[in-house]
Amino acid sequence: MKITEKDVEQLATVSRLELTAEDVSAYTKYLNTALDYMDKLKKLDTSKVEPAQQVLPVKNVFREDTVEASLEKELALANAPEVEEGSFKVPRIVL
Amino acid sequence: MKLLNMSLAALHRLLKEKKISSTELTKEFLRHIQKAEPNLRSFLTITEEIALRKAEETDKKIAGQQPIGILEGIPMALKDNICTEGIPTTCASRILENFVPPYDATVTEKLKEAGTVLVGKLNMDEFAMGSTTENSGFYPTANPWDFARVPGGSSGGSAAAVAAREVPFALGSDTGGSIRQPAAFCGVVGLKPTYGAVSRYGLVAFASSLDQIGPLTKTVEDSALVLNIIAGHDPKDSTSVPFIKPDYTQYLENNVKDMKIGVPREFFAQGLKPEVQTVIEEAVRVYEQLGAQVEECSLPHMEYALPAYYLIASAECSSNLARYDGVRYGYRAKAEDMIDMFTTSRTEGFGQEVKRRIMLGTYALSSGYYDAYYAKAQKIRTLIKEDFEQAFTKFDVLLSPTTPTIAYRLGEKTDPLALYLGDVYTIPINLAGLPSISLPAGFADGMPVGLQLIGKHFAEGILLRAAYTFEQNTEHHKKIPAWLEEASKNVF
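Take a look at the structure:
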């Protein structure tokens, strides 16, 4: 077992997901099976291979830093669950 | 040939010659959708009013003797991860159930400008993660050839809708086979363009280095016509490649004489069902008889593609889906404080498969494991890409089955890893960013089988020519499900 139930709980916390006890055991099983399968990659010596950051010859895209029209504020806020005074409203952060 | 079954060029002729109005045409498809949907459920949203308004615009142009574009006035539908201004775009996820985009994706805008009539948004696996459309947060879609089977995924709604003639064409997205696999399962043509050939602006991101939008159509000619509209450089997508866009219809030539076709033996290995293999071997014979030079070849690193893909795709997904936090859009759960709000919104909003991939991706990116998994997968990606480059020094096109099996029964596949294995022939192509097309090659157990052709970067033209030639010399694409025969007979 590569991943313990405790690891899975930790992963869930950083992924901002809450798991039931049943979930924890199911995800532990899934992740171990998946990673066992992925260990196949270790068979291959890649010490001399460059990682593929992209597969097409693309270059960094630069443009002038000029102000252009963007989405209207009301539209940007239109899908927000809660809005107040033209801003996104969220519950308190500091307890 | 009846209306529902007509090619885009034939529909265009009818509109131009005023034999039918766009309004009548749109109503005909909407009526058929109403009839077919109880069995299929390809759609998540039907936009009847918007469609009829758009159709009227075309009708006014025609009445005013103005020329109309080739796709103008023709109905179509979009996978529900493609943003449509003012029309819900849910990604088939509860977390985006009420999301109404304030802008159009570039492809939506282009199709709008071309005068096409959007009749609705199509079902999919949640956030495009899945191969059956059973991961939709709302309901599964059925395969038009057998309602007890899946249409494939993740663009299952798009493939089913075209196969059932609910729309003349649809767009889907393909991250690891999500256009080609459902196209194969439903017996339609599915094209995944070269990475960077079609703008991803406004496509809700799953795995940004792999995602690509493409058409699902009844024929190869239709595929070229839709690609003509949607392809091209877009400054709003920094990974969009500036290239000279050809008229793709110029490649629709019934000729593969002296074309060099490679058949990678790794795509005929473990897991390939004999009845699928038989159909593909027959397709190889068709090409040989037509004068193509077909030869076996090898892509030695293919066995590593699937594990590398799931690491890269999951890593990118975990990063892309971090934005669903209940603050700016999407579902928000009731909560006492901010962290609790993030966690509860995501826990209640995401489905199981999405959570699995977020967890796997978070693990692959976490410190201590990054080099062993994510970095390693990126190196494998280089090897996969080089394998293809090597093969393309000798061949114009590569040929394989699209999938190892025919469409699964609904509920048949419950083990996620077993499902991933079904994508083994489509995934390497996304890792290498290559264009690829799936087209109807025949039937096994009464279900469609897909033939996959793979080309060099930006060689959509030669792919279309190879596909078109096969289609012109076979009848498979003309077959439609029995229940549809009746429906299309009665129209027009």
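Chain order of the listed sequences is B and R. Just so we're aligned: 85 in this note's numbering is position 15 of the first sequence, and the numbers increase by one with no gaps anywhere. Just so we're aligned: 900 in this note's numbering is position 349 of the second sequence, and the numbers increase by one with no gaps anywhere. Think of the CB as a built atom: it goes at the ideal place given N, C-alpha and C, for glycine as much as any other residue. Computed from a predicted model, the values in this text were never measured in an experiment.
| Asked | Found |
| --- | --- |
| Residue span of the alpha helix (DSSP H) that contains phenylalanine 893(R), given as start and end | 889-900 |
| Beta-carbon proximity list for serine 85(B), same chain, < 7 Å, skipping 5 on both sides | none |
| Cross-chain neighbours of alanine 139(B) in chain R, by beta carbon under 8 Å | The contacting residues do not exist; alanine 139(B) stays about 12 Å from chain R at best. |
| Under 7 Å from the C-beta of lysine 76(B): neighbouring residues of chain R | In chain order: nothing, as chain R lies at least about 13 Å away. |
| DSSP three-state assignment for glycine 912(R), whether helix, strand or coil | helix |
| Close-in-space but distant-in-sequence residues of the same chain around isoleucine 619(R) (CB under 7 Å, 5 per side omitted) | Leu566, Lys567, Thr609, Lys612, Ile613, Gly666 |
| Where serine 724(R) falls: helix, strand or coil (DSSP) | strand |
| 8 Å Cβ cutoff met for valine 160(B) and methionine 889(R) | yes |
| Beta carbon proximity, phenylalanine 132(B) to chain R, threshold 8 Å | no |
| Neighbour flag for asparagine 102(B) against chain R, beta carbons, 8 Å | no |
| Member of Asn981(R), Arg700(R), Phe736(R) whose CA lies at the smallest distance from the CA of leucine 961(R) | Arg700(R) |
| Cβ neighbours of alanine 1010(R) in the same chain (closer than 7 Å, five flanking residues each side left out) | Pro986 |
| C-alpha distance - phenylalanine 1043(R) paired with alanine 679(R), whole-angstrom precision | With a pLDDT of only 45 at phenylalanine 1043(R), under 50, the local geometry of the prediction cannot be trusted, and the value read off the model is given with reservation. About 36 Å. |
| Residue closest to proline 653(R), alpha-carbon to alpha-carbon, out of Tyr107(B), Lys118(B), Asn149(B) | Asn149(B) |
| Local conformation of alanine 693(R) per DSSP, three classes | coil |
| Closest Cα partner of lysine 630(R) within the set Arg604(R), Glu677(R), Leu857(R), Ala587(R) | Glu677(R) |
| Cβ-based neighbour list, methionine 552(R), same chain, cut-off 6 Å, excluding 5 preceding and 5 following | Below a pLDDT of 50, predicted positions are generally treated as unreliable, and methionine 552(R), at 41, falls in that range; no measurement from the model is reported. |
| Short CB-CB distance (under 8 Å) between lysine 110(B) and chain R | yes |
| Distance, lysine 885(R) Cα to threonine 768(R) Cα | 43 Å |
| Under 7 Å by beta carbon: chain B residues contacting proline 967(R) | Tyr100 |
| Coarse secondary structure for cysteine 848(R), derived from DSSP in three states | strand |
| Exposure label - glutamine 763(R); buried when at least 16 CB within 10 Å | buried |
| Cβ neighbour criterion (16 or more within 10 Å) applied to glutamine 617(R) | exposed |
| Any chain B beta carbon closer than 8 Å to valine 878(R) | yes |
| Extent of the continuous alpha helix (DSSP H) to which glycine 707(R) belongs | 707-714 |
| Distance CB(leucine 1015(R))-CB(serine 774(R)) smaller than 8 Å | yes |
| Neighbourhood of alanine 82(B) by C-beta, 6 Å cutoff - its chain only, sequence neighbours within 5 removed | Leu89 |
| Beta carbon proximity, tyrosine 861(R) to chain B, threshold 8 Å | yes |
| Residues of the stretch 895-910 of chain R whose Cβ lies closer than 8 Å to any Cβ of chain B, in chain order | Thr895, Arg897, Thr898, Phe901, Lys906, Arg907, Ile909, Met910 |
| Run of the beta strand (DSSP E) containing alanine 628(R), from where it starts to where it stops | 626-630 |
| Methionine 998(R), enclosing beta strand (DSSP E) - first and last residue | 998-1005 |
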